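Just so you know, the sequences run in chain order U and B. In terms of the numbering used here, the first sequence opens at residue 123 and continues consecutively. In terms of the numbering used here, the second sequence opens at residue 29 and continues consecutively.
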Amino acid sequence: MITAYALIILPVITGVISLFISSERVRRNLLIIVAFIHLFMSILLCNGSAGELNGIWIGLDALSRLFLVITSLLFTGSATYSMVYLDKHPHFNGPAIAGLRMPGNSNAIFAACMQLFLSAMSLAILSTHFGLQWIGIEATTLASTPLIYYHRNRRSLEAAWKYMIICSVGIALALMGVFFLAMATSSHVHQFTPAGLSLFSGYLKVEWLKVAFIFFLVGYGTKMGLAPMHTWLPDAHSEAPSPVSAMLSGALLNCAFLGILRIYQVCVAVPGAAVFANELLIIFGLLSLAVSGIFILHQPDYKRMLAYSSVEHMGILALGVGLGGSAIAAAMLHAAGHSLVKASLFLLSGNVLAVYASKKVEDVKALLKAMPLTGALWLAGFFAITGTPPFTTFNSEFAIVRVALQSGSWKVATLYLLFLLLVFIGMLTIFMHMCFGKKGEQEVDGTAGESFWQILPPVVFLTTALLLGLYLPDFVRNTIDGAALLLGGKAL
Amino acid sequence: MNGIATLLAISCMLLLGSSRLLVSIRMVAFQGVLLGLLPLFVAGSGHIGAAALILSITNIGLKSILLPWLLTKALFESGARREIEPFIGFGTSILSGVVLLAVSGYIVKRLQTTAEISSSITLIAGFFMVFSGLFLLITRRKALTQTLGFLVLENGVFTTGLSLGSEFSVYVELGILLDVFVGIFLMGIMLFHIDREFDHLDVDRFNELSDLAVDIASNEEAGE
């Protein structure tokens, strides 16, 4: 229990402290140390045999175990990566605003916001109370906006403003959903948590629960990047520094997804609401797949391509949960696989960007020759993200098709495969152009972008995704099956 | 309580029709005061607990003193005074406001058949504030007005929650309030940055990043 609270509180304390540390080195070491302590404690907590931690405010079940470990792992990778990244980018002293001088320079704000972001995500994952979870998810927006604006230029400002406004409005609607959900409960319910509400599902008012689900789906769906509420996502993910993009895409989208899963957990217990929720999830999932398929074709910017691919994968997650049965377990596995692969791709895109100084696909050629390691990993990442065997993403994407076919939803399965094919073709042309292609006139010195710390996190993430594809260890399988059971699904 | 709800609705109408940014900021500050008083009336006279009192004071302090102060500073810094040519004119905005109010009334009437609602007038005001907040966000050009629109939207959500009687513990309420406050504070800081980077606060000229509006952006660049 103390560990759970420490996971949330520790990064806040160290984050505020790092605002006031003037030494660059001390601050960075603190960030790394916090990342590793957080990872260690998360694993300790999830490994704990003390039974399910199930409080009114904070709790731990299979779902939060899964997302907590992914988030913590990605944060450790991103923090390690950002050590080198920060060296290569100039920082600015804090501007005076409204007569107040902000403490520290932009790197201090970066370190502080990274840790606050970690804390907010931990809160969003570990909270059981719907109100507290809302606070956590809104706090992630607040902590990550300064991170997106790290480069202090027009484009990043525009991206940060869009992110802030669109996500805040979305999350405000989710708060309406929380209020409506409170209306659906009766006086029998003592705990305003998913478990507490499912326990008294017979007393829930179905109409209000449905209204609440719509608001949750639209509200948190905005944050998760489901089409058509995804408009902020390509901008924010492409303009943010690469380690931040990796966190946004791999960890933050999952947290928002968890927000939807928590109310889904309640809907499952109420028969009328479950069918309704599934239909909506399938529609939004397919729509996201369609939108990403269309925008990935001929996408001129490779970071935006990765961002649209995130929209695609969020669509797959929503679709998987909507199909029910063992597709839910597959969706959980896919969430883990997507996070690992997408985070490594975003980190690698940072290496490419550092050397080629352009986000345009047409400017990057012969990546394999110029940067052999990054190029090879970039290509491996392509196979992983498009769901090619033997990566784990193949297993999960395939399991979702299988369930769709078994349940007789031919239309859904066809559309799903069609959109996956579209995305595959779109990404194939882009990756082929970048990796091979004819070498341009100017010589590119690739060694600058391939230091040890820039290569290690993507290697670890991609290897994990590969190993999970070859063999699913028992503790992973148990967690995924447990999460699926909570959501009314079947084991994988 | 119904009186306060009516005042809230009227202040929204005035916001929709006001072209002077300073007046708009004051109007939102006034809403903050009303909103601060609302929990006290919901609790009923004589039953005002410490929790309601804390919530009310924090609300007034944050929403009607601190945030308006920050936004006013941002306004003076930028030198902008008026909302120029919104996408939908001020007269039409007020007319739309009337329609939105009617829609809110209709929704509440429908809701009453499924659940007992203690105060339908407050709920109508809450929905109306949510709608007008969204309306301001969509139709206005200035980043400052968008911030105000978001604040109105949040106020509306708060009012809706209050009139539905969905009471969480005071910690959750304070946490929600803190989140909203920090959010608007960040938006306020970004207003300064936007003003410095772009020399204007017009959000509709934010088009460097869109996938669809590439042509417009390049045309504009050529024009400059």
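Just so it is clear, CB atoms sit at the ideal spot from N, CA and C, and this is done for glycine as well. What you are looking at is a predicted structure, and each value in this text was computed from that prediction instead of being measured.
Residue state for ASN376 of chain U is assigned as helix, using DSSP reduced to three classes.
Taken atom to atom, the span from the alpha-carbon of LEU129 of chain B to that of PHE156 of chain B is near 5 Å. The DSSP-derived three-state label of GLY125 of chain B is helix. Taking every protein chain shown into account, the CB of LEU539 of chain U has fewer than 16 other CB atoms within 10 angstroms, so this residue is exposed. Shortest Cα-Cα distance from SER241 of chain U to any of U:ILE259, U:PRO133, U:GLY341 and U:ILE154 involves U:PRO133. Chain-ordered, the chain U residues with CB closer than 7 Å to the CB of MET215 of chain B read MET286.
Within the model, the alpha-carbon separation for ALA526 of chain U versus ALA535 of chain U is close to 6 Å. In terms of CA proximity to THR175 of chain B, B:VAL231 leads the group B:VAL231, B:ALA33, B:GLY117 and B:GLY125.
In this structure, the alpha-carbon of ALA334 of chain U lies about 13 Å from that of GLN387 of chain U. Approximately 4 Å separates the beta-carbon atoms of MET29 of chain B and PHE69 of chain B; this is inside 8 Å, confirming the contact.
Neighbours of THR150 of chain B across chain U, judged by C-beta separation under 9 Å, do not exist; the nearest C-beta is about 13 Å away.
In terms of Cα proximity to LEU499 of chain U, the closest of U:VAL581, U:ILE450 and U:GLU484 is U:VAL581. Counting only the Cα atoms, LEU501 of chain U lies some 16 Å from LEU475 of chain U.
For GLY211 of chain B, the chain U residues whose C-beta falls within less than 8 Å of its own C-beta are GLU260, THR263, LEU264, MET286 and SER290, listed in chain order. Secondary structure at ASN151 of chain U: helix, using DSSP grouped into helix, strand and coil. Under a 10 Å Cβ-count criterion, TYR285 of chain U is classified as buried, with 16 or more other Cβ atoms of the shown protein chains found around its own Cβ. Not flagged as an interface residue toward chain U: ALA57 of chain B, since no C-beta distance is shorter than 9 Å. Look at the stretch 175-201 of chain B: the residues with a C-beta under 7 Å from a C-beta of chain U are PHE178, LEU181, GLU182, VAL185, THR188, GLY189, LEU192, SER194, PHE196 and VAL200. Cβ contact annotation for GLY137 of chain U (same chain, cutoff 6 Å, sequence separation greater than five): ALA234, GLN237 and LEU238, in chain order.
LEU229 of chain B and LEU589 of chain U have their C-alpha atoms some 51 Å from each other.
Close to chain B, meaning a Cβ-Cβ distance shorter than 9 Å, are the following residues of the stretch 267-286 of chain U: THR267, PRO268, TYR271, ARG274, ASN275, ARG276, ARG277, LEU279, GLU280, ALA281, ALA282, TRP283, LYS284 and MET286.
Two segments are said to touch when three or more pairs of C-beta atoms, one from each, lie closer than 8 Å; by this definition the stretch 467-483 of chain U touches the stretch 196-210 of chain U. Counting only residues of its own chain and dropping the five nearest sequence neighbours on each side, GLY60 of chain B has a CB closer than 7 Å to the CB of ASN87, ILE88, LYS91 and SER92. Counting only runs of 4 or more residues that sit fully inside the stretch 264-319 of chain U, the alpha helix (DSSP H) segments are 276-306, in chain order. At least one C-beta of chain B is nearer than 9 Å to the C-beta of PRO356 of chain U.
Residues of chain B whose Cβ lies closer than 8 Å to the Cβ of GLY177 of chain U do not exist, since the nearest Cβ in that chain is about 13 Å away. Rounded to whole angstroms, the Cβ separation of ALA451 of chain U and ASP603 of chain U is 6 Å, and the two are in contact under 8 Å. LEU455 of chain U and THR514 of chain U have their C-alpha atoms roughly 8 Å apart. Put simply, the CB of ILE135 of chain U is far from chain B, with every gap to its CB atoms at 9 Å or more. Inclusion of LYS464 of chain U and SER371 of chain U in the CB contact set at 9 Å is warranted, their separation being smaller than that value.
Burial check for ASN151 of chain U: the Cβ neighbour count within 10 Å stays below 16, so the residue is exposed. With 16 or more other Cβ atoms from the protein chains shown falling within 10 Å of its own Cβ, TYR271 of chain U counts as buried. When DSSP reads this structure, ILE180 of chain U sits in a beta bridge with U:SER249. When the five nearest sequence neighbours on each side are left out, the beta carbons in the same chain lying within less than 7 Å of the beta carbon of ALA506 of chain U are those of VAL463, PHE513, THR515, LEU584 and ALA587, in order along the chain.
GLY509 of chain U and PHE196 of chain B have their C-alpha atoms some 44 Å from each other. Rounded to whole angstroms, the separation of the alpha carbons of ILE287 of chain U and PRO363 of chain U is 20 Å.
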